[in-house]
Each structure stands twice: as C-alpha cells, then as structure tokens.
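Step one of this worksheet: look at the structure below.
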Amino acid sequence: MDCPDGGGDGHGKAADASVAGPRDGGMNGLSNGRVKTQVAIIGGGPSGLLLGQLLSRHGIDNVILEQRTRAHVLSRIRAGVLERGLVELLREAGVADRLEREGIRHDGALISFDDEMFRVDFTGTTGHAVTVYGQTEVTHDLYAARDATGAPVHFEAEEVAIHGADSDAPHVTFRVGGAPMRIDCDVVAGCDGFHGVSRASMPRHIRRDFEKIYPFGWLGVLSETPPVNEELIYASSERGFALCSMRNPRLSRYYIQCSLEERVEDWTDDRFWDELKRRIPSDQADRLVTGPSIETSIAPLRSFVTEPMRWGRLFLCGDAAHIVPPTGAKGLNLAASDVHYLFEGLREFYATGATRGLDAYSDRALRRVWKAERFSWWFTSLMHRFPDQTGFDRRMQRAEIDFLRTNAAAQTAMAENYVGLPY
Ligand code: RFL
Ligand code: PHB
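Here it is, written out as structure tokens:
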C-alpha cells in the first residue's frame, strides 16, 4: 500500500507498508486467546462503533476493543448536535430508527451578545438543518445494533498495544481479566479518543501535532427541566460565554464558560442557575425553568490535530486524531466524516483489492478536519471572554457579531459551517 501521508511541513514520511491482499472474511477463533479478523478497531466510542457497524453490514469482519465497561461508555454526557452527514451515515448503518422518531430538527440557532439576540436561519440560508439527539443515545443505538450482529466487543481491555502497523501483518495484543489475547488483522482502526494508545503508537518522527489550548473551560449541567428556548442560544456576555442546549422537551443541557481552576464541587445548583441567568438575555433569563442538576462536569477547551492520520496499516479516526472546542458542535461530526472516508477505503479494498481510497484517507479527512477546526476556533474566539482581553478586543467581537447579525452572506457562511460542510 503506497503511503502518501508525508508528515505535514516536511516532517518525515510515513512508512510504506503494502497490503498483500484482503484477508478472507469470517473471523477465526484460534487457540490461546489468538483471534484473526479483518479490521481490529481500538475504542468502543461512537467512531469505533459506527465503523464496526458499517463494516459488519458489508460483510467485513471486525473486532472492537474497549478499555472501559459498556455502562461507563454509555454514562458519558457529550455531544448533542448532529450534522446531516452523520444522520445519513447512521441511516446507512441501519441505526437511525429511534433518531428519526426522537431527534429534534433545528432549522436555526440564536446568538446573543449582551442583551441583544438574533437568529441565524440554517434552512433558509443553506437548505439544511441539524438534528438534536444526544451522543449517549447514538452510542446506545450503536451498541444495540452491534448486539444484533453478534460481532465481538472486548470490554475492559487492558494493556492494548499495536504491533507491526508498518508491516503487512499487524496485530494487537491486550489482556482481559488478566488473560493475554492477540488479534491478527489486515488493518487497525485507532478510534480510541484523545487519550488512547493509537496515536501514541505512531513514531514521533512521522507525525506532527498542532495544538491550541484555550485559557478556560466549560462547566456543563444536565437537568430535567424544559429547555429555555426551542432553539439553541449561544450567548456572549461581559461575564463570559453561555450555551443553552437540550436533549429533548423535558431535558436541558446548559454550559457556562469557567476558569480552568474551577472545581465541580464548588458549583451548587443555585450558583450555576444564577450565573447562567446573568449571561443570557434578560427575557430568556426570566423564563428559564431551573431544577436539580443530574450531571455536572467541567471540560477544558482545546484545538488539536495530528498529521498524518495514517501510519502504514494504522488509521486514526475521530478524537484520536483531532479535538475541537465544543463551541461549533463539531467533534462527533468530524469523527463521523473520518469514519465515512475510512469505511469507503476499506470497502473498496475488500471488494477489489484497490488501495486508492485507503491511500487518500488521511488527506481527505484532514482537509475537512481543518475547516471544522477553523470554524470551531472562530466561533470560540468570537463568543468567549479571554483573560487578557482589552476593551478594543471586546469591541472587535461586538463589531463582528453586528456584521453577522445584519449581513446575509455572513449568516450563510456561518450556517454552512454549522450544518456541516459536504463530505
Ligand atoms: P471517544 O468518544 O473518546 O471514544 C473513544 C473510546 O476509546 C476508548 N479507549 C480505549 N479503548 C481501548 N484501548 C485503549 N487504550 C483505549 N483508550 C481509550 C474510550 O474508553 C472510549 O470509549 O472518541 P470518538 O469515538 O472519536 O468520539 C468523539 C466524540 O466523543 C467527541 O468528539 C464529541 O463528544 C465532542 N463533543 C461534541 N461533538 C459534536 O459533534 N457536537 C457536540 O455538540 C459536542 N459537544 C463534545 C460536546 C465534547 C464534550 N466534552 C466533554 C469533551 C460537548 C462536550 C462537553
Ligand atoms: C450540547 O448539547 O451538548 C451541545 C450543543 C452545541 C454545542 C456544544 C454542545 O456547540
């Protein structure tokens, strides 16, 4: 397999590992905890599960290794906004029935700056909407589909290690309950998130990381209260950013920008609601229904990309390769476009033996990743208070918001990015 993924900016070149040819389908359980499959997927989060489901539906054998328990994976409260590309991919994977019934179509979103609020019309400007449906629900649906196919997932996989990614016969070793296991495969899909082993398995000299750490985080609260507005509100105020989101008509998700020193224990529900009300327009604050939080967490904000997203037969997908600040709601959606490109490459490879799609994977994925990175960085920079921000900087934010509020072309550009650029 020719590898076109030279590390960006002249930082070395990925090893060339040619694929001799697709392995026969059908997983073979061998003796002594040794198993053979076509694609070993590291990580049982949304990227790994979606890739596994698409592969299984096309008769391509795969095994998923997940470090945590299923209950733990399903307890994470994360994304809530799905682009049409992800919705279409979930349909293609045969897991969109509940999403079609319960997902909420959003044709626009509200943006406020101090007490002034306006709407960006997604459907009117781009012809497309987004769907509000929790990542937890997507993951739940994907696990249910995995159960139905009977394809294996090894939970609580420890000491996961990738071997021979730059050869034509990679394998993955791990332990479950102390017992050593080995999977021989054609390809390894690194879907193990930002802290996983896959990216770290790529030699430093072939990979280049690009990173921006923001000097704040988001404090998020989930509460069984009706959402304050039927659309999302992205709010910039003198006291910092706030976001009013939702999961369904009875479940709200709210975030406020916080300093990196904040601790969840210091935020009582009353303190959170009081702060949120001070950051959103007063007419919205007046109608906010408050109640006990059922989950509270703090997430730091970061932009991160590693290049290339492939080394030999190891392909990185989703948060394993890139992170965006959540302001543009792009993380899960980018994971989905990676899965789409990788799945297309693998499908071609197993159907014809051609490696064109796999060879193009990193470049195709990165082109879309960087555009989403730019949008997330822009929206984050526009809406947050920065510790060293001057009066001039705040006026610049206000002027840009004012331009967005009054300029149709600016609104269309924002909406096109928000609903998701084409794959
Ligand atoms: P995940 O979800 O981190 O899953 C990786 C899985 O790999 C496992 N793992 C390992 N397994 C085996 N061996 C190892 N050595 C392993 N190391 C790790 C982990 O246990 C885990 O199960 O990555 P994936 O699948 O790439 O999915 C990415 C998304 O989860 C992420 O991008 C989004 O949640 C980001 N995000 C949002 N994205 C959106 O598109 N729209 C949103 O509205 C949105 N809101 C958000 C967000 C992320 C947030 N936080 C908390 C970071 C809001 C927040 C607050
Ligand atoms: C969410 O509902 O969790 C959510 C929505 C929009 C974002 C980020 C998070 O930009």
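First residue of the sequence shown? That's -15 in our numbering, and the numbers climb one at a time after it. Where is the CB? At the ideal position from N, CA and C, for every residue including glycine. Small disclaimer: the values here were computed from a predicted structure and weren't measured.
At the level of alpha carbons, what is the spacing between Leu66 and Ala80? In a straight line, the C-alpha of Leu66 is about 12 Å away from that of Ala80.
Is Ala113 a contact residue of the ligand PHB, with contact defined as CB to any heavy atom under 6 Å? It does not: the Cβ of Ala113 is nowhere closer than 6 Å to a heavy atom of the ligand PHB.
Any beta carbon from chain E within less than 7 Å of Arg378's own beta carbon? In summary, chain E is missing from the structure at hand, where a single protein chain is found.
Contact check, Ile61 vs Leu206, beta carbons under 7 Å: For Ile61 and Leu206, yes; Cβs fall inside 7 Å.
Option nearest Val308 by Cα separation, candidates Leu300, Phe299, Ala319, Leu298: Nearest option by C-alpha distance: Ala319.
With a cut-off of 8 Å on the beta carbons, I'd call Leu35 and Cys175 a contact; round off their distance for me. Contact flag correct, Cβ pair sits at about 6 Å.
Measuring alpha carbon to alpha carbon, tell me which of Leu272, Leu300, Glu245, Asp193 ends up nearest Asn213. The shortest Cα separation from Asn213 among Leu272, Leu300, Glu245, Asp193 belongs to Leu272.
Pro164 versus Arg369, Met380, Asn16, Thr396, residue with shortest Cα-Cα distance: Selected option, being the one with the closest Cα: Asn16.
If you draw a straight line from the C-alpha of Met367 to the C-alpha of Gly108, how long is it? Rounded to whole angstroms, Met367 to Gly108 spans 23 Å at the Cα level.
Given a threshold of 16 other Cβ atoms within 10 Å of its Cβ, counted over all protein chains shown, does Phe387 qualify as buried or as exposed? Phe387 is exposed by the Cβ-count criterion.
Ignoring anything shorter than 4 residues or poking outside the stretch 162 to 202, list the alpha helix (DSSP H) runs there in chain order. Assignment of alpha helix (DSSP H) within the stretch 162 to 202, counting only whole runs of 4 or more residues, yields 182 to 185 in chain order.
Asn391 (DSSP reduced to helix, strand or coil): In this structure, Asn391 counts as coil in the three-state DSSP scheme.
Please specify which runs of the alpha helix (DSSP H), each continuous and at least 4 residues long, are wholly inside the stretch 58 to 94, giving them in chain order. With a minimum length of 4 residues, the unbroken runs of alpha helix (DSSP H) contained wholly in the stretch 58 to 94 fall at 68 to 76, 81 to 86.
Say the cut is 6 Å; is the CB of Asp303 nearer than that to a heavy atom of the ligand RFL? Flag set: Cβ of Asp303 near the ligand RFL.
Would you call Ile56 buried or exposed, if buried means 16 or more other Cβ atoms sit within 10 Å of its Cβ? Sequence inspection shows His at residue 56; the Ile mentioned does not correspond to that position. That one is exposed.
In angstroms with no decimal places, state the Cα-to-Cα distance between Ala413 and Phe106. Because the chain in this structure spans residues -15 to 407, residue 413 falls outside the shown range and cannot be described.
Do three or more CB pairs link the stretch 281 to 297 to the stretch 346 to 365 at distances below 8 Å? Contact holds: three or more Cβ-Cβ distances are below 8 Å.
Express the C-alpha separation of Ser96 and Pro199 in angstroms, rounding to a whole number. C-alpha separation (whole angstroms): 22 Å.
Run the proximity test for Gly87: is its beta-carbon closer than 6 Å to any non-hydrogen atom belonging to the ligand PHB? False, no ligand heavy atom lies under 6 Å from that Cβ.
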